[in-house]
Amino acid sequence: MDLKRILFLAFAYRASANMLQTSVPLYARYTLKLSDGATSILVTLSNVIAVFSFLLLISFRRDLKKRCAFAFS
Numbered sequence: 001m002d003l004k005r006i007l008f009l010a011f012a013y014r015a016s017a018n019m020l021q022t023s024v025p026l027y028a029r030y031t032l033k034l035s036d037g038a039t040s041i042l043v044t045l046s047n048v049i050a051v052f053s054f055l056l057l058i059s060f061r062r063d064l065k066k067r068c069a070f071a072f073s
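First residue of the sequence shown? That's 1 in the numbering used here, and the numbers climb one at a time after it.
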């Protein structure tokens, strides 16, 4: 994976994390008309997905470092 793709993924993660924290509760509450409990469950699930995507990004970064170290050694 090249550096441009990693930077794009990092930017996308940060933007999506900000969006999740603001948009998902509003959408769930007012558009879907969910109760407080259902809204909190949906927000929790979206935050868990965001954490797993961040962990995936870290693993991609680690793989890239290994490839660069191998290529330049």
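Where a beta carbon is used, it is the ideal one built from N, C-alpha and C, also for glycine. In this text the structure is predicted, and so the values were computed from the model without any measurement.
Residue i to residue j span [Cα, whole Å]
{"i": "ILE41", "j": "THR22", "result": "15 Å"}
{"i": "LYS66", "j": "ARG5", "result": "16 Å"}
{"i": "SER59", "j": "SER53", "result": "10 Å"}
Simplified DSSP assignment, three categories, for residue i
{"i": "ASP2", "result": "coil"}
{"i": "LEU34", "result": "coil"}
Exposed unless 16 or more other CB atoms sit within 10 angstroms - verdict on residue i
{"i": "ALA28", "result": "buried"}
{"i": "THR44", "result": "exposed"}
Presumed contact (8 Å Cβ cut-off) between residue i and residue j, rounded CB distance
{"i": "TYR13", "j": "LEU55", "result": "Actually they are not in contact, since the Cβ atoms of TYR13 and LEU55 sit about 10 Å apart, beyond 8 Å."}
{"i": "ALA38", "j": "ALA17", "result": "At roughly 21 Å, the Cβ-Cβ gap does not stay under 8 Å, so ALA38 and ALA17 are not in contact."}
Own chain residues within Cβ distance below 7 Å of residue i, not counting five before or after
{"i": "VAL24", "result": "LEU42, VAL43 and SER46"}
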